[in-house]
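Encoded as structure tokens, the structure appears first; notes follow it.
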Amino acid sequence: MEPLGGGGWTGHAGAPAPGWTYLLPLLLCAALRSLLASPSSEVNLLDSRTVMGDLGWIAYPKNGWEEIGEVDENYAPIHTYQVCKVMEQNQNNWLLTSWISNEGASRIFIELKFTLRDCNSLPGGLGTCKETFNMYYFESDDEDGRNIKENQYIKIDTIAADESFTELDLGDRVMKLNTEVRDVGPLTKKGFYLAFQDVGACIALVSVRVYYKKCPSVIRNLARFPDTITGADSSQLLEVSGICVDHSVTDEAPKMHCSAEGEWLVPIGKCLCKAGYEEKNNTCQVCRPGFFKASPHSPSCSKCPPHSYTLDEASTSCLCEEHYFRKESDPPTMACTTPSPVSSVKKGKITKNSISLSWQEPDRPNGIILEYEIKYFEKDQEMSYTIIKSKETTITADSLKPGSAYVFQIRARTAAGYGGFSRRFEFETSPVLAASSDQSQIPIIVVSVTVGVILLAVVIGFLLSGRRCGYSKAKQDPEEEKMHFHNGHIKLPGVRTYIDPHTYEDPNQAVHEFAKEIEASCITIERVIGAGEFGEVCSGRLKLQGKRELPVAIKTLKVGYTEKQRRDFLGEASIMGQFDHPNIIHLEGVVTKNKPVMIVTEYMENGSLDTFLKKNDGQFTVIQLVGMLRGIASGMKYLSDMGYVHRDLAARNILINSNLVCKVSDFGLSRVLEDDPEAAYTTRGGKIPIRWTALEAIAFRKFTSASDVWSYGIVMWEVMSYGERPYWEMTNQDVIKAVEEGYRLPSPMDCPAALYQLMLDCWQKDRNSRPKFDEIVSMLDKLIRNPSSLKTLVNASSRVSNLLVEHSPVGSSTYRSVGEWLEAIKMGRYTEIFMENGYSSMDAVAQVTIEDLRRLGVTLVGHQKKIMNSLQEMKVQLVNGMMPL
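Residue numbering for the sequence shown is -37 to -1, 1 to 848, as defined by mature numbering (1 follows the signal peptide of the UniProt record, and there is no 0).
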């Protein structure tokens, strides 16, 4: 065996090989224009196109491979090697590169660009001509590895040409350039040599590029991940720990995985901007003077609340202005307040043993007044006083001394605490009078009784004057509206609190407490628009006396109902009647005194949100979609403030009108879920809509506003994906297992990054870490006011990344044919088109892009999304080793 090395290996430009090589320099310039720069995730170790001087490669024997030195159209040097000894037997021509450092990479790629002549176009050379050549490598820690024998080199592959040229091509100056890429690994030494062996081909090696792949440095979730060289195994994922950016702290240890293709996958954990700093453009920027951020978990810097300030940067709280205060237990978001003194007190009935007082609520009470505290004492006896508390603006102090002066002071209490006492008000009890004095009161009493009888007669006459078409519920007395008692529930003035109708012993009392009775003659039913659990759902008109006619939706209770069905049917009206908000479906009233029993609500022309979005796939701007989401969030904030937990928030339970206003509906969770196909998973106490329900609600039936926030995140995903089914065809059990292990839905296509981040925040495992509905409304308002913040989209690689988790949740799905796959996703109409265009295997369709779909004639945006989402899911399963393509 001859050694490959020694002093005789040099590159040279000898005489051209017969038949064609003298044309090579003339053809290379055109061919080289097609060479592209390497992607950013690829790091070149060698690129023969960029070497200005001598390559330093050697050939053996000397008359084998020969170097052709030329320049391209930009006068840059071109290093090419050719050999064409097709007329001679037993060719064994070697070309050896210089030593190449692998820079720590354990897997390298070699890209060859070459031309090769068709042996059939070489008369007389068919017996010895070849159309392939071989590529080898040898590892070495230094540059002394050239002087070795050829049997010590390891073969990489035999290289063949996809395109070969003929003599006719030479005449037309056409160069058919081939590109082949091979990879080698794992490498264990510092560097290596490459060798190319010709065994009788007519070939020109135009360029050689040697490179490795890396995941480029990136900042994700406020963690900085460094350049990371990919692993030696083509399926290996390298776990990389991130370092929090400046002014941020670790929430959960940030990690990502670097794939063998140089792509970052599987983001886990994150950093949060510390108190006094907010996230902007992947950095933590300081809160400006006048703004503060109290906790790393706060979304952003907030303006100092009323009557507070800060003059410093990076403030975590604001100071109260002079004469304004905040309790130590108050959160830093609470406004600083001054006392709310009562300024005007009037005396009422005074007897010898009692004094009645009344007063007006302060003009600026700094919040809802929860109660009043009245302090009084006998004049000149200030050290001995009495305290009375009242939720009303009237009070009677009794057990007083006759003919004595008493001093009264009053103060109010709000959520911020007590205000200051009012100024002192002095009043005297009546003295003890003679009997004759009492007799003088008799005429007054007689007159009062007479007036009372007359007023009672007037009221009875009004009530008996005949019923008109309209609401029969009487108006409440203004005094009664100040404080109501409902089965033990106290309702304070100005405080709206949800009252569970199930606390009433008599359900009829609840429905008439909160819902207005409508005369059946005021309702005109026009057509049936659907079927509910208890009967038909119709559209119609409602005409009340003195009011314009309204379009309404009418739910009817079917004939033959049980008492329980009637109670459950009207229970939703008892709930709905307590709500009054533009983003909550409005209850007009009920019909309970005639059959059929009816619930009458406002009419929403576009029906349920999920169906409406599916019908109008891709037809709305991002701002319009965000507007829909803002309306839903506003309605949920209202419900949350009232203490009501929805438990079944989903796009199917949102109604939308002709103005694209979304309203929360369907407040009958306990009955609806019993027959709901979405609630296929049963726990003790009823069925749960798994795909929309938070972890703690599934596991422990812990339903709170925080679990509603989780469901709202799913609704966001439904809206941005135009009604796509959450978790696609995964079973409910698979969904539960996946979500418990950290899996979250991937971003919908073309979804703004800010919206998807909000979804992920809603899906925090710790319910205390999820945003509140008022924070969600505020965030959406900011996005609407600043539309440019919606232009940054979640890119495709991130979408795949978010699908991948350490333990894959996706059930294995194997399709035997393209047609079966398309039928499974209800896109079977495109089967013939796919087959006609060469996509006859699942391996082929896995490479399809949006541009390919458009070229195939799949022009509907919704169909494009459905197909691409399915392909993304299959790729994820493939990466996790779960599905053979």
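Glycine included, each C-beta is placed from N, C-alpha and C at the ideal position.
Beta-carbon proximity list for Arg172, same chain, < 6 Å, skipping 5 on both sides: The sequence position of residue 172 within the sequence shown is 209, counting from 1. Within the same chain, Cβ atoms closer than 6 Å to the Cβ of Arg172 are found at Asp10 and Glu74, the five residues on either side in sequence being excluded.
Three CB pairs or more closer than 8 Å across the stretch 692 to 699 and the stretch 651 to 660: Below 8 Å, enough C-beta pairs join the stretch 692 to 699 and the stretch 651 to 660 to call them touching: three or more.
So the candidates are Pro179, Gln344, His549 and Val305; which of them puts its Cα closest to the Cα of Asp629? As a position in the sequence shown, residue 629 is number 666, starting the count at 1. The alpha carbon of Asp629 has as its nearest neighbour, out of Pro179, Gln344, His549 and Val305, the alpha carbon of His549.
Sequence ranges, beta strand (DSSP E) only - wholly within the stretch 346 to 380, length at least 3: For the stretch 346 to 380, whole beta strand (DSSP E) runs of length 3 or above, ordered along the chain, are 348 to 353, 357 to 360 and 368 to 377.
Which residue comes first and which comes last in the alpha helix (DSSP H) that contains Met297? For this step, residue 297 is matched to residue 334 along the sequence shown. Annotation: Met297 is outside any alpha helix (DSSP H) and is labelled neither H nor E by DSSP.
Which residues does DSSP list as the beta-bridge partners of Gly32? Position 69 of the sequence shown, counted from the first residue, corresponds to residue 32. Per DSSP, His42.
Look at the alpha carbon of Pro325 and the alpha carbon of Phe288, and state the distance between them as a whole number of angstroms. Translated into positions along the sequence shown, residue 325 becomes position 362. Translated into positions along the sequence shown, residue 288 becomes position 325. Distance between the alpha carbons of Pro325 and Phe288: 18 Å.
State the start and end residues of the unbroken alpha helix (DSSP H) segment that holds Thr129. On the sequence shown, residue 129 is found 166 positions in, with the first residue counted as 1. Under the DSSP assignment, Thr129 falls outside any alpha helix (DSSP H); it carries neither an H nor an E label.
Quick one: give me the first and last residue of the alpha helix (DSSP H) that Thr574 is part of. Numbered from its first residue, the sequence shown carries residue 574 at position 611. Run containing Thr574: Leu572 to Lys578, per the alpha helix (DSSP H) assignment.
Is it true that the stretch 476 to 493 meets the stretch 523 to 541, where meeting means three or more beta-carbon pairs spaced less than 8 Å apart? Counting Cβ pairs under 8 Å, three or more are found: they touch.
4-residue-minimum alpha helix (DSSP H) runs that sit fully inside the stretch 108 to 187, ordered along the chain: Secondary structure within the stretch 108 to 187: the alpha helix (DSSP H) runs of 4 or more consecutive residues, fully enclosed, are 130 to 134 (chain order).
Quick check on Ala494: does DSSP put it in helix, strand or coil? Within the sequence shown, numbered from 1, the residue matching residue 494 stands at position 531. In the three-state scheme derived from DSSP, where H, G and I count as helix and E and B as strand, Ala494 is classed as strand.
Taking DSSP's pairing of strands, which residues face Asn56 in a bridge? Along the sequence shown, one-based indexing puts residue 56 at 93. Paired residues: Asp161.
Taking the alpha-carbon of Pro268 as reference, which of Ile619, Glu284 and Cys725 has the nearest alpha-carbon? Reading the sequence shown from its first residue, position 305 is the one you call residue 268. The candidate whose alpha carbon is nearest that of Pro268 is Glu284.
Near Arg615, which residues of its chain fall below 6 Å by C-beta distance, leaving aside the five closest residues on each side in sequence? Position 652 of the sequence shown, counted from the first residue, corresponds to residue 615. Excluding five sequence positions before and after Arg615, the CB atoms of its chain that fall closer than 6 Å to its own CB belong to Ser571 and Asp573, given in chain order.
Rounded distance between the beta-carbons of Ile71 and Gly148, thought under 8 Å: Position 185 of the sequence shown, counting from 1, holds the residue named residue 148. Position 108 of the sequence shown, counting from 1, holds the residue named residue 71. That pair is a contact at about 7 Å.
Just confirm the distance between the C-beta atoms of Leu513 and Cys485, as a whole number of angstroms; I'd bet it's less than 8 Å. Counted from its first residue, the sequence shown places residue 513 at position 550. Counted from its first residue, the sequence shown places residue 485 at position 522. Rounded, the Cβ-Cβ distance is 10 Å, inconsistent with contact.
Less than 8 Å between the CB atoms is what I'm expecting for Leu658 and Val702, so what's the real figure, rounded? The residue labelled residue 658 in the question sits at position 695 within the sequence shown. The residue labelled residue 702 in the question sits at position 739 within the sequence shown. Contact check for Leu658 and Val702: beta-carbon distance about 6 Å, within the 8 Å limit, so the pair qualifies.
Quick one: residues in its chain with C-beta nearer than 7 Å to the C-beta of Tyr685, no 5 flanking neighbours on either side, listed in chain order? For the purposes of this step, residue 685 is identified with residue 722 of the sequence shown, where counting begins at 1. Its chain contains Leu576, Lys577, Asp580, Gly581 and Gly825 as the residues whose beta carbon lies nearer than 7 Å to that of Tyr685, once the 5 sequence neighbours on both sides are disregarded; these appear in chain order.
How about Ile739 and Ala596: do their beta carbons lie closer than 8 Å? Here residue 739 is taken as the residue at index 776 of the sequence shown, counted from 1. Here residue 596 is taken as the residue at index 633 of the sequence shown, counted from 1. Going by C-beta atoms, Ile739 is nearer than 8 Å to Ala596.
Looking only at DSSP bridge pairs, what is Ser103 linked to? The count along the sequence shown starts at 1 and reaches residue 103 at position 140. In the DSSP assignment, Ser103 forms a beta bridge with Gly154.
Taking all protein chains shown into account, decide if Cys247 is buried (16 or more other Cβ within 10 angstroms of its Cβ) or exposed. Locating residue 247 in the sequence shown gives position 284, where the first residue counts as 1. So Cys247 ends up on the buried side.
Could you check what DSSP says for Ala516 in three-state terms: helix, strand or coil? Here residue 516 corresponds to residue number 553 of the sequence shown, with the count starting at 1. Shown here, Ala516 sits in a strand according to DSSP, grouped into three states.
Closer than 8 Å to chain C by CB, Thr349: No chain C appears in the structure shown, which is made up of a single protein chain.
Rounded C-alpha distance that separates Asn557 from Phe254: Locating residue 557 in the sequence shown gives position 594, counting from the first residue. Locating residue 254 in the sequence shown gives position 291, counting from the first residue. So the two alpha carbons sit approximately 60 Å from each other.
For Met837, count the other beta carbons within 10 Å of its own beta carbon; 16 or more makes it buried, fewer makes it exposed. Which is it? Looking up residue 837 in the sequence shown gives position 874. Around the beta carbon of Met837, a 10 Å sphere encloses 16 or more other beta carbons of the protein chains shown; the residue is thus reported as buried.
Nearest by alpha-carbon distance to Cys725: which of Met742, Ile677 and Lys700 is it? Taking the first residue of the sequence shown as position 1, residue 725 is located at position 762. When only C-alpha atoms are compared, the closest one is Ile677.
Inter-residue spacing [alpha-carbon to alpha-carbon] between Ala717 and Thr755: For the purposes of this step, residue 717 is taken as residue 754 along the sequence shown, with counting starting at 1. For the purposes of this step, residue 755 is taken as residue 792 along the sequence shown, with counting starting at 1. Whole-angstrom Cα-Cα distance: 8 Å.
Look at the alpha carbon of Lys600 and the alpha carbon of Val608, and state the distance between them as a whole number of angstroms. Translated into positions along the sequence shown, residue 600 becomes position 637. Translated into positions along the sequence shown, residue 608 becomes position 645. Taking C-alpha positions only, Lys600 is separated from Val608 by approximately 10 Å.
By alpha-carbon positions, which one of Asp214, Ala223 and Thr300 ends up nearest to Ser261? For the purposes of this step, residue 261 is identified with residue 298 of the sequence shown, where counting begins at 1. Selected option, being the one with the closest Cα: Asp214.
Member of Lys48, Asn546, Leu150 and Ala186 whose CA lies at the smallest distance from the CA of Ser103: By 1-based counting over the sequence shown, the position of residue 103 is 140. Cα-wise, what sits closest to Ser103 is Leu150.
With respect to the beta strand (DSSP E) encompassing Leu75, which residues constitute its N-terminal and C-terminal limits? For this step, residue 75 is matched to residue 112 along the sequence shown. Its beta strand (DSSP E) spans residues Ile71 to Leu79.
Please report the residue range of the alpha helix (DSSP H) in which Leu623 lies. Working through the sequence shown from its first residue, we reach residue 623 at position 660. Membership of Leu623 in any alpha helix (DSSP H) is not indicated, and neither H nor E is assigned to it by DSSP.
Which partner residues of Met561 appear in the DSSP bridge assignment? Against the sequence shown, residue 561 aligns to sequence position 598. Answer is Thr519 and Val554.
By the three-class DSSP mapping on this structure, what secondary structure does Asn83 have? Stepping through the sequence shown from its first residue, residue 83 is reached at position 120. Looking at Asn83 - three-state DSSP - the assignment turns out to be helix.
In whole angstroms, give me the CA-to-CA distance for Val811 and Ile182. Residue mapping note: residue 811 aligns to position 848 of the sequence shown, counting from 1. Residue mapping note: residue 182 aligns to position 219 of the sequence shown, counting from 1. C-alpha separation (whole angstroms): 29 Å.
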